[in-house]
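All remarks here apply to the structure that follows.
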Amino acid sequence: MRPLSRENNFHYFTLSLFTLMLASACIDYIPSGLGELALRLVVMATVGIAYLSLNFGPQWRRTILAMGAALFILNLLNELTLLPGMAVINLVFTFGFFVTAAAFAARQVLLSGRVNSNTLVGSMAIYLLLGLIWATLYLLVLEFIPDAFNGIEYRQWSDNFSTALYFSYVTLTSLGYGD
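Quick note: the sequence shown uses the numbering used here, first residue 2, plus one each step.
So, in structure tokens, the structure goes:
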């Protein structure tokens with residue numbers, strides 16, 4: 002691939018979002034306990050790739066660096082079992098990252114003034130981020146109201162991430178729940 006620039010930054014970021022969704026689908030096949038860790042690592046990698054590829058200036062870098070550092074510290078505390086209620090905190094920071102990335106990406110895509118491959122891939126990234134935002138919201142609702150959704154039983158957030166993604170994208174694409 003070409004070196005990272007403002008002309009291809011969304012290619013890397015969109016690839017990381019697809020990797021995140023693929024990893025969430027594979028969690029069911031990873032032994033218990035390791036799945037959540039793997040998903041958290043992929044989310045952290047996605048934050049890192051966003052920090053490197055979506056260079057929207059110093060405000061972007063400070064915001065994403067602060068979110069990434071907070072997620073890293075909170076995940077470390079979770080591994081050391083020093084922090085109760087980590088799922089909610091982790092989901093709130095993940096939600097914040099997705100919203101921030103979507104807002105900054107929309108600004109670059111909508112204000113670029115021309116359409117090229119990076120703009121098209123950027124619009125795909127925004128669409129993927131919208132689905133991830135809703136999936137994260139579904140998971141937050143499940144943390145507070147375990148029987149809120151018909152068809153999703155309450156489990157650990159990492160175990161429900163792929164199911165929440167499914168419901169999010171089926172709703173977003175208006176396919177319907179006919180399966």
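Idealized CB from N, CA, C, for every residue including glycine.
Pairing Arg156 with Met45, the inter-Cα distance amounts to about 22 Å. Ranking Leu40, Phe98 and Thr164 by CA distance to the CA of Ala71 puts Phe98 first. The way I'd put it, the segment 17 to 28 does touch the segment 126 to 133; three or more beta-carbon pairs between them come closer than 8 Å.
The DSSP-derived three-state label of Arg115 is coil. Rounded to the nearest whole angstrom, the CA to CA distance from Leu143 to Ala165 is 10 Å. DSSP, read as helix, strand or coil, puts Thr164 in helix. At a Cβ-Cβ threshold of 7 Å, Ala136 and Ser169 count as neighbours.
Separation of the CB atoms of Ile134 and Phe162 is rounded to 13 Å, and the pair is thereby denied contact status at 8 Å. Contact annotation, Tyr52 with Ile65: C-beta distance approximately 5 Å; criterion of less than 8 Å satisfied. Excluding the 5 residues flanking it on each side, Ala107 has same chain C-beta neighbours closer than 6 Å at Ile127, in chain order.
Here DSSP, grouped into helix, strand and coil, assigns Arg63 to helix. The beta-carbon separation of Met68 and Val48, rounded to 7 Å, stays under the 8 Å limit for a contact.
Distance between Leu121 and Leu77, taken at the CA atoms: about 37 Å. CA-to-CA, the gap between Gly36 and Leu23 works out to about 13 Å.
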